[in-house]
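>
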Amino acid sequence: MNEVFEKARALGQAIVESAEFQNMRAMEDAAMALPEVAEQMTRYLEHKQGVEAELAKEVPDHAALADHSEQMKDAQEKLNAMDAVVRMGEARGVFSAMMSQVNQVLQFMVSGETEEGGCSGCCDGCSGCH
Numbered sequence: 007m008n009e010v011f012e013k014a015r016a017l018g019q020a021i022v023e024s025a026e027f028q029n030m031r032a033m034e035d036a037a038m039a040l041p042e043v044a045e046q047m048t049r050y051l052e053h054k055q056g057v058e059a060e061l062a063k064e065v066p067d068h069a070a071l072a073d074h075s076e077q078m079k080d081a082q083e084k085l086n087a088m089d090a091v092v093r094m095g096e097a098r099g100v101f102s103a104m105m106s107q108v109n110q111v112l113q114f115m116v117s118g119e120t121e122e123g124g125c126s127g128c129c130d131g132c133s134g135c136h
């Protein structure tokens with residue numbers, strides 16, 4: 007089992023050292039270093055907490071809930087219009103795609119099947135063709 011954990015740690019280290027991860031972190035840092043991004047992100051999170059607080063109440067204030075929701079939407083739209091946030095989102099998408107591929111490889115190695123349930127060509131342990 008130690009070998010499995012060592013390989014898992016090595017995989018984790020390879021992921022952290024990957025260009026995809028490094029670029030994602032750089033884009034996140036660059037975006038969050040911009041005052042306008044930090045301001046809108048703070049605004050978004052404050053109103054998200056407001057929504058959560060209202061929903062946790064026994065009798066939520068629907069007007070306050072609607073206001074928090076609208077403010078969240080506005081902050082999100084402003085964030086999505088910022089180039090730094092767009093680049094950050096793109097970098098996260100590239101990293102996420104890489105992680106999806108890594109997970110598919112692991113799934114195939116363990117089960118002999120891809121995530122989509124595709125046939126590996128090996129019938130050992132298979133319940134039959136569909």
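Under the numbering used here, the first residue of the sequence shown carries the number 7, and numbering increases by one thereafter. All C-beta atoms, glycine included, are put in the ideal place defined by N, C-alpha and C. Here the structure is a predicted model, which is why all the values come from computation and not from measurement.
With Gly99 as the anchor, note down where its alpha helix (DSSP H) starts and where it stops.
Residues Asp89 to Ser117.
> Whole angstroms are fine: how far does the CA of Leu51 sit from the CA of Ala58?
Sequence inspection shows Glu at residue 58; the Ala mentioned does not correspond to that position. Going from the Cα of Glu58 to the Cα of Leu51 covers about 10 Å.
> Need the endpoints of the alpha helix (DSSP H) that Glu12 sits in, please.
Per DSSP, Glu12 belongs to the alpha helix (DSSP H) from Asn8 to Glu23.
> Could you check whether Arg93 and Ala25 sit closer than 9 Å to each other, using their CB atoms as the reference points?
No, Cβ-Cβ distance for Ala25 and Arg93 is not below 9 Å.
> Which term fits Phe101, buried or exposed, when burial requires 16 or more other beta carbons within 10 angstroms of its beta carbon?
With 16 or more Cβ atoms within 10 Å of its Cβ, Phe101 is classed as buried.
> Evaluate the contact criterion for the stretch 96-111 versus the stretch 26-36: three or more CB pairs, one atom per stretch, below 8 Å.
Enough Cβ pairs lie closer than 8 Å, so yes.
> Is the Cβ-Cβ distance between Ala97 and Glu34 less than 9 Å?
Yes, these two residues count as a Cβ contact at 9 Å.
> Between the alpha carbons of Glu83 and Met7, how many angstroms are there, rounded?
Those two C-alpha atoms are separated by around 48 Å.
> For Gln107, count neighbouring C-beta atoms within 10 Å of its own C-beta (all shown protein chains included) and say buried if the count is 16 or more, exposed if not.
Its Cβ having fewer than 16 others within 10 Å, Gln107 is exposed.
> Could you tell me whether the Cβ atoms of Met78 and Lys63 are closer together than 9 Å?
No; because the gap between Cβ atoms is not below 9 Å, this pair is not in contact.
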